[in-house]
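Residue numbers (this note's numbering): 29 to 240. Backbone N, C-alpha and C define an ideal beta-carbon position, used for all residues, glycine too. Quick caveat: nothing in here was measured; it's all calculated off a predicted structure. Quick notes on the structure that follows.
Put into structure tokens, the structure is as follows:
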């Protein structure tokens, strides 16, 4: 009996992680540094920008409370479009030797964005409610989004090291194909994270936002 495709995909991902432990540790550290930088940035900005952020977030919460319905398809299209663009950029720069700093910079930036968002939510809503706010709105989709982004970065870095070590054109072509196939798998995870964000996290947040 043939094994299902989801099982094969999970095996490919597991093997990739096991074979690149050091690389995953490195990009994970970059991502964590980005989170801390995002938190520090919010904590050290002047009062005026903080007031603008507070007003924006409060308006967002009030709109979610009063909104009768959301255009889920429009939101989904926008989210998927952004994730596809991110995946293509990471794939493209991962296939070039000089593009690896851009890949690492994007990992750092995504960590910064997450840390910034978390710090803003906690600052505006308060610590207990802010944690729940973050968990409802960000946690579910990021369970797929973050690993997929890190995996794309690692795959690109692995290709970079292969090109540096082995100049044989045929071997490089094989590694590029592997990187492309793996990147496509990660793209599917990013698309799934968009679906979770729009149809699960957003609806769950809309139900619970009245308690904030």
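Continuous alpha helix (DSSP H) stretch holding residue i: start and end
i	result
residue 245	One cannot answer for residue 245 here, as it falls past the ends of the chain, which runs 29 to 240.
residue 225	Note, residue 225: premise wrong, no alpha helix (DSSP H); not H, not E.
Same chain only: Cβ atoms within 6 Å of residue i, ignoring 5 sequence neighbours per side
i	result
residue 184	122, 131
residue 200	191
residue 29	Note that residue 29 has pLDDT 43, beneath the 50 cutoff, so the model's placement of it is unreliable and the number below is only indicative. Nothing meets the Cβ criterion.
From the options, residue whose alpha carbon lies closest to that of residue i
i	options	result
residue 192	154, 126, 139, 205	126
residue 73	148, 40, 181, 47	148
residue 59	232, 175, 197, 198	175
residue 105	227, 233, 235, 234	227
residue 61	111, 205, 135, 112	135
residue 66	129, 116, 144	144
Residue burial classification, residue i (beta-carbon count within 10 angstroms, cutoff 16)
i	result
residue 100	exposed
residue 186	buried
residue 195	exposed
residue 203	buried
residue 110	exposed
residue 231	exposed
Beta-carbon contacts of residue i that lie in its chain and below 8 Å, excluding the five residues immediately before and after
i	result
residue 182	44, 48, 51, 52, 55
residue 41	179, 213
Other residues of its chain near residue i: CB distance less than 7 Å, five sequence neighbours each side excluded
i	result
residue 173	218, 221
Can you check the region 132-166 for any alpha helix (DSSP H) of at least 4 residues that lies completely inside it and give the ranges in chain order? Whole alpha helix (DSSP H) segments, 4+ residues: 155-162.
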